[in-house]
Each structure stands twice: as C-alpha cells, then as structure tokens.
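When you number the sequence shown by the numbering used here, it's gap-free, plus one each residue, and the end is 563. Where a beta carbon is used, it is the ideal one built from N, C-alpha and C, also for glycine. Computed from a predicted structure; not experimentally measured. Below is one structure, written out as structure tokens, with a few remarks after it.
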Amino acid sequence: AILNLGNIEFESAGKRGDKCDVKSSSKRALSRAAELLEVSDKQLKKALLNRTIQSRTESVTSPLTTPDECIKTRDALSKVLYTRVFQSLVDMINTAIATDMCE
Numbered sequence: 461a462i463l464n465l466g467n468i469e470f471e472s473a474g475k476r477g478d479k480c481d482v483k484s485s486s487k488r489a490l491s492r493a494a495e496l497l498e499v500s501d502k503q504l505k506k507a508l509l510n511r512t513i514q515s516r517t518e519s520v521t522s523p524l525t526t527p528d529e530c531i532k533t534r535d536a537l538s539k540v541l542y543t544r545v546f547q548s549l550v551d552m553i554n555t556a557i558a559t560d561m562c563e
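Next up, the structure:
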C-alpha cells in the first residue's frame, strides 16, 4: 500500500486551479492502495485531497488547493503507515524473543 501511495500523482483542478485532483494516470495506483488499505477509492481520495480540522464540538473539512499540499498529505500518510508496520514488526520480534527466553 505504501509503494502504491507513492505512485499517486496530483494536478491542479477546478476552474481557477484552486483545487487539486488525482491525475488520471494515477487512478490505478489509487485503487490498488485503497484495496490494500481496505477502504474505498472514494474514501482514500477524500483523505488525500482534503484537510480536516477537528475541535471539541465540530469538524471542518476544506479542499487542499495545490498539488504540493496533496503530495505532502500523501507522504505524511505513507510515513504513518510505515511507522505502524515497523512498530508491529518490532513488537512481533520482541514477543518471539521473550517467548524463546522463557522456555
């Protein structure tokens, strides 16, 4: 999923170029990443193209305006996924080592 996320590219969209969208050449990478993350294409696309600010009582979602902002969002998601996978791997190794030492 992380590698597929890295293949997603963005372009300016909207009448005034005030939005960004996934390039049509990246639709396959988006679909594959969504499938591996077990979310819909629509949900992943929304997460990559919008910023959500949440307060105690409400949340406000606004579209990202440049491809650069979308790239930073994509990269941040990739880093979080990589961190969680790595931490899970470390936890499994530590559990295996602790089990072996107890025997």
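Alpha-carbon to alpha-carbon, residue j and residue i
{"i": "Y542", "j": "S486", "result": "21 Å"}
{"i": "C480", "j": "R534", "result": "13 Å"}
{"i": "V482", "j": "E469", "result": "6 Å"}
{"i": "D478", "j": "S500", "result": "25 Å"}
Status (buried if at least 16 other CB within 10 Å, exposed otherwise) for residue i
{"i": "V540", "result": "exposed"}
{"i": "N464", "result": "buried"}
{"i": "L549", "result": "exposed"}
{"i": "A494", "result": "buried"}
{"i": "A461", "result": "buried"}
Rounded Cβ spacing between residue i and residue j (contact assumed at less than 8 Å)
{"i": "T512", "j": "S519", "result": "6 Å"}
{"i": "L497", "j": "C530", "result": "Their Cβ separation, rounded to whole angstroms, is 17 Å, which puts L497 and C530 out of contact at 8 Å."}
{"i": "N510", "j": "T521", "result": "5 Å"}
{"i": "K505", "j": "L490", "result": "6 Å"}
Sequence-distant residues of the same chain with beta carbon closer than 7 Å to residue i, five excluded per side
{"i": "G466", "result": "S538"}
{"i": "E471", "result": "C480, D481, K483, P527"}
8 Å Cβ shell around residue i - same chain, five flanking residues per side excluded
{"i": "Q503", "result": "A494"}
Residues near residue i in its chain [Cβ-Cβ closer than 6 Å; skip 5 each side]
{"i": "K475", "result": "none"}
Please give me, in chain order, every unbroken run of the beta strand (DSSP E) with length at least 3 that falls completely inside the region 517-559. 519-523
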